[in-house]
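Colleague:
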Amino acid sequence: MLDTQSTRPVILGISGSERPGGNTDLALDYAGELAEKRGVEFRTIHLRDHRISPCSPCGNCNARTVPCGLRDDMPGIVEEMKRADGIVYAVPVHGFGLAHLMQIFIERAGVGFLRFDRPLANKVGGIIVTSRRYSDASVHAQLVDNLLLNRMILVGSGFPAMLRNAAREPGLTDAEGLDALERMVHLLMMLSSRRCDRECVLEALSVTDQGPQDVHAPTGQRED
Numbered sequence: 000m001l002d003t004q005s006t007r008p009v010i011l012g013i014s015g016s017e018r019p020g021g022n023t024d025l026a027l028d029y030a031g032e033l034a035e036k037r038g039v040e041f042r043t044i045h046l047r048d049h050r051i052s053p054c055s056p057c058g059n060c061n062a063r064t065v066p067c068g069l070r071d072d073m074p075g076i077v078e079e080m081k082r083a084d085g086i087v088y089a090v091p092v093h094g095f096g097l098a099h100l101m102q103i104f105i106e107r108a109g110v111g112f113l114r115f116d117r118p119l120a121n122k123v124g125g126i127i128v129t130s131r132r133y134s135d136a137s138v139h140a141q142l143v144d145n146l147l148l149n150r151m152i153l154v155g156s157g158f159p160a161m162l163r164n165a166a167r168e169p170g171l172t173d174a175e176g177l178d179a180l181e182r183m184v185h186l187l188m189m190l191s192s193r194r195c196d197r198e199c200v201l202e203a204l205s206v207t208d209q210g211p212q213d214v215h216a217p218t219g220q221r222e223d
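By the count of numbering that gives the first Met the number 0, the sequence shown reaches residue 223 at its end, each step adding exactly one.
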């Protein structure tokens, strides 16, 4: 008998902050609390806890047909992204731009792993940006481009989920930013749940429909 009962949807939060307990961690933790209260599993990856090498001078990213060969934690993180129903990038603004941990990560993930068959296509994506005062909109726009490049479904929140804090101590003090974050997480949960239900049914159906024929993986074309 076909069991179409879905498991809990999974949202993966990826933090690009090197500061434990900072504004970015607080914002991502809050997003996770909101998700867990609604029955959604929320997992978090802190890039600072992983070995992620910057792109090497090999120069063959545009020509290679296999994933990046640098030996670090990137393959495992990419696999976690593939398994998730929704993904949230959370990052602080540093030097008027994207914090370096996230910059290195999206470069390596993109040209080294995701460009070949776009495995994140149709997953739901959201963005949280924390800052003191400046350049949060441009950082948010860069990550929007990254989600769209990977053919993900960008979750709206009215105003973007950008949280400002000019104080010396970390804290979630931006009421308007928190409202935007809550709206984003709510829609992210709703769409991730629907995607999870659909994917679980399709996976079960594909198993029952498979006969004795061989199954060949599509080759796919690489995109720049």
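C-beta: ideal position from N, C-alpha, C; glycine also. From a predicted model like this one, the values you see are computed outputs, not experimental measurements.
Hey, how far is the Cα of Ile51 from the Cα of Val110?
Modeller: If you take the alpha carbons of Ile51 and Val110, they lie about 14 Å apart.
Colleague: Tell whether a beta-carbon distance below 8 Å holds between Leu162 and Leu180.
Modeller: It is a contact, given that the beta carbons lie within the stated cut-off.
Colleague: Going by the CB atoms, is the gap between Val128 and Val92 shorter than 8 Å?
Modeller: Yes, these two residues count as a Cβ contact at 8 Å.
Colleague: How would you label Tyr133, buried or exposed, when you count the other beta carbons within 10 angstroms and need 16 or more for buried?
Modeller: It is exposed - the Cβ of Tyr133 has fewer than 16 other Cβ atoms within 10 Å.
Colleague: For the segment 8–95, which segments carrying the beta strand (DSSP E) assignment without a break, of at least 3 residues, lie completely within its bounds, in sequence order?
Modeller: List check, beta strand (DSSP E) in window: 9–14, 40–45 and 85–93.
Colleague: I'd like the list of long-range same chain contacts for Ser156, defined as Cβ closer than 8 Å, with 5 residues on each side in sequence excluded.
Modeller: Hits under 8 Å: Gly125, Ala179, Leu180, Arg182, Met183 and Leu186.
Colleague: Classify Val87: buried if its beta carbon has 16 or more other beta carbons within 10 angstroms, exposed otherwise.
Modeller: Label assigned to Val87: buried.
Colleague: What number of angstroms, rounded off, separates the C-alpha of Cys60 from the C-alpha of Ala120?
Modeller: Computed Cα separation, rounded: 21 Å.
Colleague: Using CA atoms only, rank isn't needed, just tell me which of Asp116, Ala98 and Ala108 is closest to Ser137.
Modeller: Nearest option by C-alpha distance: Ala98.
Colleague: What did DSSP end up calling Met161 once you bin it into helix, strand or coil?
Modeller: In this structure, Met161 counts as strand in the three-state DSSP scheme.
Colleague: May I ask you to report which of helix, strand or coil DSSP gives Leu97?
Modeller: In the structure shown, Leu97 sits in a strand (DSSP, three-state: E or B).
Colleague: So Asn149 and Arg107 are in contact, right, with Cβ under 8 Å, and what is the actual spacing, rounded?
Modeller: Not really, about 14 Å apart at Cβ, beyond 8 Å.
Colleague: Cβ-heavy atom distance between Met161 and the ligand ZN below 7 Å?
Modeller: In terms of ligand content, the structure shown is empty, and the ligand ZN therefore cannot be addressed.
Colleague: What's the C-alpha gap between Ala216 and Asn22?
Modeller: Note that Ala216 scores a pLDDT of 37, beneath 50, so its modelled location is shaky and nothing firm can be said.
Colleague: Use the C-beta contact count for Ser16: other C-beta atoms within 10 angstroms, 16 or more gives buried, fewer gives exposed.
Modeller: It counts as buried.
Colleague: Can you pull the DSSP bridge partners for Val128?
Modeller: Note: Val128 sits in a beta bridge opposite Val90 and Met161.
Colleague: Cutting at 6 Å between CB atoms, please list the residues of its own chain near Leu46, excluding the five before and the five after it.
Modeller: These residues qualify, in order along the chain: Gly15, Leu100 and Phe104.
Colleague: If you run the structure through DSSP and keep just helix, strand and coil, what is Ala146?
Modeller: The displayed chain sequence assigns Leu, not Ala, to residue 146. Helix.
Colleague: Ignore the nearest five residues each way along the sequence and tell me which others in Arg7's own chain have a CB closer than 7 Å to its CB.
Modeller: So the qualifying residues of the chain are Gly38, Val39 and Glu40.
Colleague: Here's a check: name, in chain order, each residue in its chain whose Cβ is nearer than 6 Å to the Cβ of Ser192, leaving out the five neighbours to either side.
Modeller: The residues are Pro8.
Colleague: Would Arg117 pass as an interface residue toward chain D - the criterion being a Cβ-Cβ separation below 8 Å?
Modeller: Included in the structure is just one protein chain, with no chain D present.
Colleague: Hey, how far is the Cα of Gly251 from the Cα of Glu32?
Modeller: A question about residue 251 goes unanswered here, because the residues of the chain that appear run from 0 up to 223.
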